[in-house]
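Participant: Below is one structure. I have some questions about it.
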Amino acid sequence: MINSRLPAFTTENEELTRRLEQLNLEFLNLFTRHKDMVENESPVLTSLYLEKLGRLKLELLEKQTEESRLRMKMNMIQAAINRDENPDLKKIDFEINNLLQDYYSRIKQQSAALDTAEKVLSSMLTEEETKKLKEAFRLLCKRLHPDINPNQSEEEKDLFIKATAAYDLLDISELQKIILYLDESNRENLGLVSGNEKKERIMHLEKNIARLEEKIILLKAGFPFNIQDMLYDDEQVRKKQDELRNQITEAEKEIGRYSEIINIMCDE
């Protein structure tokens with residue numbers, strides 16, 4: 004424990020108050036920024052990625068899986084012929100299907116992700132609604148976040164949980180109800196908080212601010228934030244789409260070639 008006891012009103016105590024207020028604001032900005040990146044921006048960017056490139060990627064995966072299936076079938080038929088055996092096509096198809104289960108699972112997952120992307124993009128809030136949502140949640144974090152308000156009552160802790168859930172659900176009306184419920188006059192007066200407690204809060208906030216800054220840096224470096232600029236660049240998106248279409252065309256050619264070879268082998 005820090006053992007210095009400062010009088011209620013001293014120059015040092017006033018400096019601690021200003022520092023604590025500054026850190027409260029910094030933490031609030033970082034916390035709401037991180038929350039918005041995780042809960043709002045990431046799902047939207049991921050959905051935009053799937054909408055603009057996901058369908059072509061899914062088609063390419065389907066074509067490549069079919070290409071693999073036919074190549075494996077061709078090789079298995081040839082192996083049977085080399086053994087002077089009559090190829091058992093049903094058995095071959097069964098074995099191939101088992102070998103390609105991971106690919107079929109990926110196709111199913113990507114298809115489900117595309118459906119989710121459509122729902123996310125169709126249920127997006129307007130710019131004005133998004134602004135109201137962020138402002139309401141920011142105000143409630145200022146009043147209720149435990150790192151800014153360590154001397155919370157059980158009711159305030161419960162209200163913060165409800166506010167976080169409402170934000171995740173994009174429920175502006177619920178956030179506004181919680182704001183109306185809170186009594187503005189009960190806000191903590193930092194001037195009455197002891198110097199010891201201020202120092203402890205400052206240390207706690209500095210650690211959490213450093214953690215949030217690191218988390219935000221990691222988020223920005225990873226998907227989908229690392230492709231954000233590309234998603235809003237129509238020329239880059241078209242280039243990626245063209246690359247995928249070319250790969251699909253090549254896969255279709257291989258599918259046709261393997262199909263012809265298999266037909267010839269089975270007719271002989």
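The number in our numbering is simply the position in the sequence shown, starting from 1, with 3 added. Even glycine gets a Cβ: it sits at the ideal position worked out from N, Cα and C.
Taking C-alpha atoms, which residue in Arg21, Arg22, Ala82, Glu62 lies nearest to Cys269?
Facilitator: Ala82
Participant: Among the residues of its own chain, which have a CB less than 7 Å from the CB of Thr13, if the five just before and after it don't count?
Facilitator: none
Participant: Buried or exposed: which applies to Arg21, given that a residue is buried once 16 or more other Cβ atoms fall within 10 Å of its Cβ?
Facilitator: exposed
Participant: Within the same chain, show all residues whose beta-carbon is closer than 8 Å to that of Lys165, passing over the 5 residues directly before and after it, in chain order.
Facilitator: Glu177, Ile181
Participant: If we call anything under 8 Å between Cβ atoms a contact, is Ile258 one with Leu73?
Facilitator: A contact, by the Cβ cut-off of 8 Å.
Participant: Mapping the DSSP letters down to three states, classify His148 as helix, strand or coil.
Facilitator: coil
Participant: Over what stretch of residues does the alpha helix (DSSP H) that includes Pro46 continue unbroken?
Facilitator: 45 to 52
Participant: Quick one: using the 10 Å Cβ neighbour count with 16 as the cut-off for buried, is Ala120 buried or exposed?
Facilitator: buried
Participant: Given that a residue counts as buried once 16 or more other Cβ atoms are within 10 Å of its Cβ, and exposed if not, what is Thr252?
Facilitator: exposed
Participant: Could you tell me the alpha carbon to alpha carbon distance between Met233 and Leu173, rounded to whole angstroms?
Facilitator: 27 Å
Participant: Assuming Asp39 and Lys137 are in contact, meaning their beta carbons sit under 8 Å apart, how far apart are those beta carbons, in whole angstroms?
Facilitator: 7 Å
Participant: The alpha helix (DSSP H) that contains Val3, what's its start and end?
Facilitator: In the structure as shown, the chain begins at 4 and stops at 271. Residue 3 is therefore absent and cannot be evaluated.
Participant: Using only alpha-carbon positions, find the residue among Ile265, Glu203, Val47, Gln155 that is nearest to Ile230.
Facilitator: Val47
Participant: Just the C-alpha distance for Tyr107 and Pro90, rounded to the nearest angstrom, thanks.
Facilitator: 25 Å
Participant: Between which residues of its own chain and Ser188 is the CB-CB distance below 8 Å, once the five residues before and five after are set aside?
Facilitator: Because the pLDDT of Ser188 is 48, which lies under 50, any placement of that residue in the model is unreliable, and the number read from its coordinates should be weighed accordingly. Same-chain partners within the cutoff: there are none.
Participant: Which residues in the same chain as Glu65 place their Cβ atom closer than 8 Å to its Cβ, once the five residues preceding and following it in sequence are excluded?
Facilitator: Only Ile110 meet the Cβ criterion.
Participant: Hey, how far is the Cα of Glu159 from the Cα of Leu147?
Facilitator: Looking at the backbone, the Cα of Glu159 and that of Leu147 are separated by about 6 Å.
Participant: Does DSSP classify Leu102 as helix, strand or coil?
Facilitator: helix
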